[in-house]
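226 is the number that the working numbering gives to position 225 of the sequence shown; each next residue is one higher, with no gaps.
Cβ atoms here follow ideal geometry from the backbone N, Cα and C, with glycine treated the same way.
Nothing here was measured: the structure is a model prediction, and the numbers come from that model.
Here is the structure we will look at.
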Amino acid sequence: MKHLFIINPVAGKGISIKYIEKIQTYFKDKEDIYRIETTKEQGHATAITKEYVKNDDWRVYSIGGDGTLNEVLNGLVGSNSALGVIPAGSGNDYFRSLDTENDENLLTRTIEGSIKKCSIGQVNNRYFLNVASAGIDAEVVYNARQLKKLPFLNGQGAYILGIFYTVFKYKSFKSKITFNEQTLHKTTLLIAVANGKYYGGGMKIAPRANIYSKNFEIYHIDEAKPLRIIKLFPTLIRGAHDTLREVQSYQTNKLSLYSKDGFMLNIDGEIERVNRANFSLIQDGVNIIIPIS
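Structure, rendered in structure tokens:
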């Protein structure tokens, strides 16, 4: 059996890099082939993964945050290799959907885990494991990253300031949403296309989502005033937003989102500005390593 560990050395304030010694210790007396690669720049995890899996089957372990995991996925799709998740970032939202503990034995339990086919999403030309969304949440992430460049702000401070800055500046966008042979014209605060339950560091945006399902869970939130938006956040964190007047939910395996003015798109934490996003669910799209109990 062949094992590839892809480590983002800057993830989790150094947590990820500590796994190198643990990996070496685990394989010290074993005959399995293993390799450890560290990423050096954005997109590097995808390139590393593609190079390894193009001619052989590997168990590929992502050791970093959700961004690293998404990069590894995009290098893995289309192969017979399997993806293992070792959370070492700040959010680690997809890991929450695996229903296992992040304990001191997780590395061993994952290496020795079984493989199960899981659904993935595709939006435009990129794949995602967890949640892709458009609207205010993507704007918050974008603004927080800009604010983080200021010398007096750390990551958490930039994110908190980013929330308040965005809430009072953000303007919902006119959208055209097509799915299940219907078209809706909305003024969108937020739309989340969910394969997993959580995003944003533990926000339970899609409480009924299932990574083995044949459908996405879609949550749309209508335009709201700033103070109302602030009141919505605790409800969204708990996953208790189904009954709110601004919220609608749907199920589908394909969805098209369009706005002539454009919108920020959030793909597993990666942000880009587009006018159109075409989403499709790929059932059994990836082999996921499920840690043993």
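Residue i bridges to which residues according to DSSP?
i: Thr188; result: Lys175
i: Ser250; result: Tyr220
i: His4; result: Tyr35, Arg60
i: Ile87; result: Ile64
i: Ala195; result: Val132, Glu218
i: Phe234; result: In the DSSP output, where bridge partners are listed per residue, Phe234 has none listed.
i: Tyr200; result: Met204
Please check the pair residue i and residue j, which I expect to be a contact at CB under 8 angstroms, by giving their CB distance rounded to whole angstroms.
i: Ile291; j: Gln123; result: With a Cβ gap of about 23 angstroms, Ile291 and Gln123 do not count as contacting.
i: Val61; j: Gly44; result: Their Cβ separation, rounded to whole angstroms, is 16 angstroms, which puts Val61 and Gly44 out of contact at 8 angstroms.
i: Ala12; j: Gly92; result: Between Gly92 and Ala12 the Cβ distance is about 10 angstroms, and since that is not below 8 angstroms, they are no contact.
i: Thr109; j: Tyr27; result: 6 angstroms
i: Asn279; j: Asn103; result: Actually they are not in contact, since the Cβ atoms of Asn279 and Asn103 sit about 34 angstroms apart, beyond 8 angstroms.
Leaving out five residues on either side along the sequence, give the residues of the same chain with a beta carbon under 7 angstroms from the beta carbon of residue i.
i: Tyr171; result: Ile137, Glu140
i: Thr101; result: Pro292
i: Leu77; result: Thr50, Val54, Val61, Leu84, Val287
Here's a check: name, in chain order, each residue in its chain whose Cβ is nearer than 6 angstroms to the Cβ of residue i, leaving out the five neighbours to either side.
i: Ser250; result: Tyr220
i: Arg277; result: Tyr259
i: Phe169; result: Pro227
i: Thr179; result: Ser257
i: Ser173; result: Thr188, Thr189, Leu190, Glu224
i: Ser281; result: Gln123, Lys255
Taking C-beta to C-beta, are residue i and residue j nearer than 8 angstroms?
i: Leu130; j: Gly197; result: yes
i: Ala48; j: Ile64; result: no
i: Ile24; j: Tyr35; result: yes
i: Val248; j: Phe217; result: no
i: Ile37; j: Ile16; result: no
i: Ile268; j: Asn71; result: yes
i: Leu190; j: Glu224; result: yes
i: Asp33; j: Met2; result: yes
i: Tyr128; j: Leu74; result: yes
i: Lys205; j: Gly240; result: yes
i: Ile222; j: Ser134; result: no
i: Ile289; j: Lys117; result: yes
Leaving out the 5 sequence neighbours to the left and right, which residues in its chain are closer than 8 angstroms to residue i when beta-carbon positions are compared?
i: Ile272; result: Ala139, Val142, Tyr143, Arg146, Met265, Leu266
i: Thr184; result: Lys177, Ile178
i: Arg97; result: Gly197, Lys198, Tyr199, Gly203
i: Gly263; result: Phe174, Arg274, Val275, Asn276
* **Completely contained alpha helix (DSSP H) runs for the segment 12-67, where each covers 4 or more residues** => 20-28, 45-54
**Q.** 3 or more residues per run - each beta strand (DSSP E) lying fully within the segment 256-292
**A.** For the segment 256-292, whole beta strand (DSSP E) runs of length 3 or above, ordered along the chain, are 271-291.
Starting from the N-terminal side, write out each stretch of the beta strand (DSSP E) that is 3 residues or longer and does not extend beyond the segment 97-171. Secondary structure within the segment 97-171: the beta strand (DSSP E) runs of 3 or more consecutive residues, fully enclosed, are 115-124, 127-129, 132-136 (chain order).
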